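First the structure, in the form of structure tokens, and then the observations on it.
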Amino acid sequence: MNRSTVVRLLVIILVGAGLGTVVYYSPGFFNKEEIPTYVPLKTGGTSVAQIILENRWKSAFREKKNVEIAYDSTGSTAGVTKTLDGEYAIGFVHAPLTDKQKDAAKTKGGDVVHVPVVVCAVVPVYHVKELEDKPPLNFTADVLAGLFLGKIAKWNDPALKAINPGVALPDLPVVVVHRGDSSGTTALFTEYLADASELWRKEIGPAASEVKWPVGVGVARSQGMADTVHLTEGAIGYLDLVNVFNIDLHLQHGAVQNHDKTGFIRAEAENMTAAAGAAAGGSGDAALKLTNRSGANAYPICGIIWAVCYQSQPAAHYKNVSDFLQWATHDGQKFAGRTAYAPLPAELVTRGDQAIQSIKSAQ
28 MNRSTVVRLL VIILVGAGLG TVVYYSPGFF NKEEIPTYVP LKTGGTSVAQ IILENRWKSA
88 FREKKNVEIA YDSTGSTAGV TKTLDGEYAI GFVHAPLTDK QKDAAKTKGG DVVHVPVVVC
148 AVVPVYHVKE LEDKPPLNFT ADVLAGLFLG KIAKWNDPAL KAINPGVALP DLPVVVVHRG
208 DSSGTTALFT EYLADASELW RKEIGPAASE VKWPVGVGVA RSQGMADTVH LTEGAIGYLD
268 LVNVFNIDLH LQHGAVQNHD KTGFIRAEAE NMTAAAGAAA GGSGDAALKL TNRSGANAYP
328 ICGIIWAVCY QSQPAAHYKN VSDFLQWATH DGQKFAGRTA YAPLPAELVT RGDQAIQSIK
388 SAQ
């Protein structure tokens, strides 16, 4: 056997009697056809987008276009920063860029485009042992505001009892759990409260990704929220629906009164899409607000996960950026309902198409 044959053999060295195995192979052992190489496309941002990207879109798009999507779950704030700095080709965020961020983008890489990619929802999560085998609790905007402002301090408060008739609410202290870091989830939750609750507007003000909470325990990231609520009897918090299921701690999560005050709505795919459809029917640019939309079935704490990128893309990955966004907003939508998101309504897909068509190569 000559040397060229030997170096192409797969050599297995057994270390001891079953104590370990080390596998060596020559770089030329496989044919090029047997080792597929993929073009990388670096992206990142909110943890909420990570689930569908990592679990569904990544493999499906790789097989279709031979492009490998790499995703960093760094949060919405870092997603914006790293996209504007050129580290990410695409950033995924809970909210469109502010005017200040757009101005900063122009000094670095030019205009940005926003493409809606999927509908998400935030739900109130709680841990009350006596209610574990009961239907989900109902919440209104003012009750949620009262809880997170510390004005409702017991689970058997009259305000909660009034909207949960027949439920034996315990005489249990409420423990508020909130995000202590900058969070797109907080921005969406407070956008709803600021729109729907006069109490919240008076005490706190407009929506924000960081809030000076008057009471409660501050935690970092979605995992911290889920863990703390799960371990704390009497806790109330808020979490993206996709993380309720992905983190899989069997957290209790409630129904929220709709805008029309005709019922309490669960965050389910059809109710989330109903909210998005109500928003998409309006005028204006693609920076749409989905919270507290009118409609009997519209879940009121909904938002859009946005893909943000520069309009002028480097020639090296301009086509990959455009192709991925086009695929995600069309074929990729079939995965949304399977992963606790909701697919985009047709009107938002059309708005996304217009944004994608504006993406150009820098050359």
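The working numbering applies: residue 28 is where the sequence shown begins, and numbers increase by one. Backbone N, C-alpha and C fix where the C-beta goes; we use that ideal spot for every residue, glycine too. In this text the structure is predicted, and so the values were computed from the model without any measurement.
Please state whether DSSP places residue i in a helix, a strand or coil.
i	result
Q77	helix
G118	strand
S388	strand
I179	coil
E260	coil
E60	Here the model assigns E60 a pLDDT of 49, short of 50, so the residue's position is not dependable, and the following value carries that caveat. Three-state result, E60: helix.
V194	coil
E374	helix
V201	coil
A369	strand
D380	helix
N319	coil
E157	helix
G304	helix
G106	helix
D112	coil
T134	helix
L124	coil
Could you tell me which residues DSSP puts in a beta bridge with residue i?
i	result
N165	A282
S100	G72
P151	Y265
L95	One detail in the question is off: residue 95 reads as Glu in this sequence, not Leu. Its beta-bridge partners are P67.
R206	V246
F291	Q284
V432	As displayed, the chain neither begins before 28 nor continues past 390, which places residue 432 out of reach and without an answer.
Counting only the same chain and skipping the five closest in sequence on each side, list residues whose C-beta sits under 7 Å from that of residue i.
i	result
P372	T300, A303, G304, A307
L375	P143, A303, A307
A116	L68, K69, T70, C336, H344, V348
V246	V204, R206, G207, M252, T255
E230	L176
Which residues in the same chain as residue i place their Cβ atom closer than 6 Å to its Cβ, once the five residues preceding and following it in sequence are excluded?
i	result
V150	L268, H280, A294
I274	A253
N191	L164, N165
S74	S100, S249
A122	A214
Q381	none
A296	G364, A369
A76	F119, I332
Can you give me the Cβ contacts of residue i inside the same chain, cut-off strictly under 8 Å, excluding the 5 residues immediately before and after it?
i	result
G379	V142, P143, V144, A313, L352, T356, L371
N183	L196, P197, D198, L199
I179	V170, G173, A186, L187, V201
Task: Entirely enclosed beta strand (DSSP E) segments - the region 324-353, minimum 3 residues - done: For the region 324-353, whole beta strand (DSSP E) runs of length 3 or above, ordered along the chain, are 329-337.
Open item on the list: Would the region 217-226 count as touching the region 186-197 if we require 3 or more Cβ pairs under 8 Å?
Closed with: Counting C-beta pairs closer than 8 Å gives fewer than three between the region 217-226 and the region 186-197, which falls short of the contact rule.
Task: Residue ranges of each alpha helix (DSSP H) within the region 209-254, 4 or longer - done: The qualifying runs are 211-223, 225-230.
Open item on the list: When you compare the region 92-110 with the region 355-362, are there three or more beta-carbon pairs, one atom per stretch, that lie closer than 8 Å?
Closed with: With the cut-off at 8 Å, the region 92-110 and the region 355-362 do not touch.
Task: Cβ contact (3+ pairs, closer than 8 Å) linking the region 126-138 and the region 146-161 - done: Here the region 126-138 makes no contact with the region 146-161; the two share fewer than three CB pairs at distances below 8 Å.
Open item on the list: Below 8 Å, how does it come out for the region 166-182 and the region 220-235: are there three or more Cβ pairs, yes or no?
Closed with: Counting Cβ pairs under 8 Å, three or more are found: they touch.
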